[in-house]
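*Asks:*
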């Protein structure tokens, strides 16, 4: 089947989020792949992201899921940068302890007014998801 | 009815999270009240917490909900600092635009192995919740 | 403050859901109050709603939450009967064992395209919620 | 890799849930496959499961997800029949209109005290999920 081209490349996405103070330049997450159906994002874990005991803080895990969904939406629709989160559900399943996190987002439903995505967050080199996330984003009308 | 005393005061909680690099010293959230049934936490919004357009970034809203639940759990049980998030569901309902966010957490269920909390996040001076959050925390066995 | 009148009465709502085969006539749930901001629904528990051990089955608890939200939405907006569930999150907190369940729904956000509700489900005569539910309903455009 | 044998067969599971009044004999759902990592369940849609317009009622969709998770848990652990639902989040993505629903559950995390599952619900012959569900089940201690 013909695979539709994404509406943004990983490079263009990375330039854009770098202009966001928190999610972009401070966190330093980067998209490594964006297709019309999903996206992969990576984050180098820095000491300031950790709780005591070396576990990555929950909101940082959420942030990588949010960025991965945002990248997937910008790949899936034009003007995806205007999408806003309506709901997000996270199930934390394993301790996120490691040097690098990867978020893999896939579009579950692309509607005219909203998009539903699932994300799994992985530690480098591991096959089992540390956090499963489902979220809905509203797409503002033109 | 006799109201049980909380297991931690707001002051002691604030000293403790100030030693957490991200949630504490970087974000600067502070508990203003902790009881045996809930907690209130405040956050001064800084420019680096914003998305374009002046909306507080989703993971920052999650962070204040997480801190409010954490404060409530530390008030509700001994050794609450060892609680870890199992699941969290957020419904974002209004644009979080403003200078100060307040998270009000209340314990819905206190079990031996887990605690369920709800949080509403408010903008200063407004009566309607901008984000409704429900979460479960696992309590490690002694 | 002036309280807006609901768009439907409890009696009219009950007549309408009685024409729904499953949620209405089979289950026998009934709205006891509908305002412009929320609704209360009651269900007499029958033996066929139970799991072994006398606990009300999870999907029956969901059904009463769904009916309570539906009643609240029909009270809050015109043509609420066309609302469809987008997402629903349930936290089951206590064993639902008893003869009568009550679902109390309140509107958290009323938008043009969607409505967010919270419901608590109670056993008769008890003050603590057995199940906390949050859901979003899409409102089809005219 | 060696695939562990499930703790129950589909036939034994079907006999057992047939003794449950609501989820079993009334609904008529059946497991078609149970492994140590997941389960598939089918439901023939009857007229009494429908809302006006021919859409399967939300709680019926939840029920098939619940049965699929229950089958997966009984395949994954001994004494899985004692598992109770702690939380469940559903995202409804497409109208469930059709004659047969399939629920495909997979275990995301198998812990000593709880199990996290994801389910997708499909209409016969369609590749896209109509409902994505994530849930946690508590496992009572022996």
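Residue numbers (my numbering), protein chains in the order written: chain Y, 1 to 142; chain L, 1001 to 1142; chain E, 2001 to 2142; chain D, 3001 to 3142.
We treat Cβ as the ideally placed atom computed from N, Cα and C, and that holds for glycine.
All values derive from a computational prediction rather than experimental measurement.
Could you pull out every residue in the same chain whose Cβ sits closer than 6 angstroms to the Cβ of residue 95(Y), ignoring the five residues on either side in sequence?
*Replies:* Only 55 meet the Cβ criterion.
*Asks:* Less than 9 angstroms between the C-beta atoms of residue 64(Y) and residue 121(Y), yes or no?
*Replies:* Going by C-beta atoms, residue 64(Y) is nearer than 9 angstroms to residue 121(Y).
*Asks:* Within this structure, are the beta carbons of residue 3040(D) and residue 3102(D) separated by less than 9 angstroms?
*Replies:* Going by C-beta atoms, residue 3040(D) is nearer than 9 angstroms to residue 3102(D).
*Asks:* Quick one: using the 10 Å Cβ neighbour count with 16 as the cut-off for buried, is residue 4(Y) buried or exposed?
*Replies:* Exposed, because fewer than 16 other Cβ atoms sit within 10 Å of the Cβ of residue 4(Y).
*Asks:* Could you tell me how far apart the beta carbons of residue 2127(E) and residue 2075(E) are, in whole angstroms, since I believe they sit closer than 8 angstroms?
*Replies:* The Cβ separation is near 24 angstroms, so there is no contact.
*Asks:* Please name the residue, chosen from 2019(E), 2057(E), 2069(E) and 2045(E), that lies closest to residue 3050(D) on a Cα-to-Cα basis.
*Replies:* The shortest Cα separation from residue 3050(D) among 2019(E), 2057(E), 2069(E) and 2045(E) belongs to 2019(E).
*Asks:* Residue range of the beta strand (DSSP E) that residue 3119(D) falls in?
*Replies:* Here the beta strand (DSSP E) through residue 3119(D) covers 3114-3123.
*Asks:* Going by alpha carbons, who is nearest to residue 2111(E) out of 2086(E), 2077(E) and 2100(E)?
*Replies:* With distances taken between Cα atoms, residue 2111(E) lies closest to 2077(E).
*Asks:* Go ahead and label residue 1006(L) buried or exposed: buried means 16 or more other beta carbons lie within 10 angstroms of its beta carbon, across all protein chains shown.
*Replies:* With 16 or more Cβ atoms within 10 Å of its Cβ, residue 1006(L) is classed as buried.
*Asks:* In chain L, what lies closer than 8 angstroms to residue 2116(E) by C-beta?
*Replies:* Correct list: 1091, 1093 and 1132.
*Asks:* For residue 2001(E), which residues of its own chain have a beta-carbon under 8 angstroms away from its beta-carbon, when the five flanking residues on both sides are left out?
*Replies:* Here the model assigns residue 2001(E) a pLDDT of 48, short of 50, so the residue's position is not dependable, and the following value carries that caveat. None.
*Asks:* Curious, which full-length alpha helix (DSSP H) runs of at least 4 residues does the segment 2049-2121 of chain E contain?
*Replies:* As far as the segment 2049-2121 of chain E is concerned, its whole alpha helix (DSSP H) runs of at least 4 residues are 2058-2076.
*Asks:* Where do the ends of the beta strand (DSSP E) carrying residue 1031(L) lie?
*Replies:* Taken as a continuous stretch (DSSP letters only), the beta strand (DSSP E) holding residue 1031(L) covers 1030-1034.
*Asks:* Can you find a C-beta in chain C that's less than 9 angstroms from the C-beta of residue 1087(L)?
*Replies:* Among the protein chains of the structure shown, namely Y, L, E and D, there is no chain C.
*Asks:* Counting only C-beta atoms, is residue 2109(E) closer than 9 angstroms to chain L at any point?
*Replies:* Yes, contact with chain L.
*Asks:* Thinking C-beta only, is residue 124(Y) closer than 9 angstroms to residue 68(Y)?
*Replies:* No, these two residues do not count as a Cβ contact at 9 angstroms.
*Asks:* State the DSSP-derived secondary structure class of residue 3016(D), mapped to helix, strand or coil.
*Replies:* If DSSP states are grouped into helix, strand and coil, residue 3016(D) belongs with the helices.
*Asks:* Within the 9 angstroms Cβ cut-off, does residue 3104(D) reach chain Y?
*Replies:* Closer than 9 angstroms: no.
*Asks:* Tell me the DSSP bridge mates of residue 3044(D)?
*Replies:* Answer by DSSP bridge pairing, in chain order: 3100(D).
*Asks:* Please list the partners that residue 1032(L) has in chain E, where partner means a Cβ-to-Cβ separation under 7 angstroms.
*Replies:* Neighbours of residue 1032(L) on chain E: none; closest Cβ ~23 angstroms, over 7 angstroms.
*Asks:* Taking residue 113(Y) as the query, report the chain E residues whose CB atoms sit under 7 angstroms from its CB, ordered along the chain.
*Replies:* Within chain E, the residues near residue 113(Y) are 2113.
*Asks:* Per DSSP, which one or two residues make a beta bridge with residue 132(Y)?
*Replies:* In the DSSP output, where bridge partners are listed per residue, residue 132(Y) has 91(Y) and 120(Y).
*Asks:* So what does residue 2039(E) bridge to, in DSSP terms?
*Replies:* For residue 2039(E), which the question treats as bridged, DSSP gives the partners 2034(E) and 2105(E).
*Asks:* Using a Cβ-Cβ cutoff of 8 angstroms, what residues of the segment 3043-3074 of chain D are near chain E? List them in chain order.
*Replies:* Flagged, chain order: 3047, 3048, 3049, 3050, 3051, 3052, 3055, 3057, 3058, 3059, 3060, 3062, 3063 and 3066.
*Asks:* Please classify residue 2028(E) as buried or exposed, where buried requires at least 16 other C-beta atoms within 10 Å of its C-beta.
*Replies:* Residue 2028(E) is exposed by the Cβ-count criterion.
*Asks:* Can you pull the DSSP bridge partners for residue 127(Y)?
*Replies:* Answer is none; residue 127(Y) lacks a bridge partner.
*Asks:* For chain L, find out if any of its Cβ atoms is closer than 9 angstroms to the Cβ of residue 19(Y); answer yes or no.
*Replies:* Output row for residue 19(Y): interface = yes.
*Asks:* Since residue 3136(D) meets chain L, which of its residues come closer than 9 angstroms, beta carbon to beta carbon?
*Replies:* Neighbours of residue 3136(D) on chain L, chain order: 1086, 1087 and 1136.
*Asks:* Return the CA-CA distance between residue 155(Y) and residue 73(Y), expressed in angstroms with no decimal places.
*Replies:* This structure cannot speak to residue 155(Y), because chain Y is shown only from 1 to 142.
*Asks:* Find the nearest neighbour of residue 46(Y) within the set 34(Y), 83(Y), 100(Y) and 113(Y), judged by alpha-carbon distance.
*Replies:* Nearest of 34(Y), 83(Y), 100(Y) and 113(Y) to residue 46(Y), Cα basis: 100(Y).
*Asks:* Looking at C-alpha atoms only, which residue of 3098(D), 3059(D), 3038(D) and 3089(D) is the closest neighbour of residue 3070(D)?
*Replies:* With distances taken between Cα atoms, residue 3070(D) lies closest to 3038(D).
*Asks:* Should residue 3066(D) go down as buried or exposed, given a rule of 16 or more other Cβ atoms within 10 Å for buried?
*Replies:* Buried: at least 16 other Cβ atoms inside 10 Å.
*Asks:* Quick one, which of 2132(E), 2098(E) and 2079(E) has its alpha-carbon nearest residue 2138(E)'s?
*Replies:* The residue with the shortest Cα to Cα distance from residue 2138(E) is 2079(E).
*Asks:* Just checking: is the beta-carbon of residue 1001(L) within a distance shorter than 9 angstroms of some beta-carbon in chain Y?
*Replies:* Annotation note: pLDDT 48 at residue 1001(L) (below 50); position unreliable, coordinate value reported separately. By this cut-off, residue 1001(L) is not an interface position.
*Asks:* Find the residues of chain E that neighbour residue 1129(L), judging by a C-beta separation of less than 9 angstroms, and give them in chain order.
*Replies:* By Cβ distance, chain E contributes 2108 and 2109.
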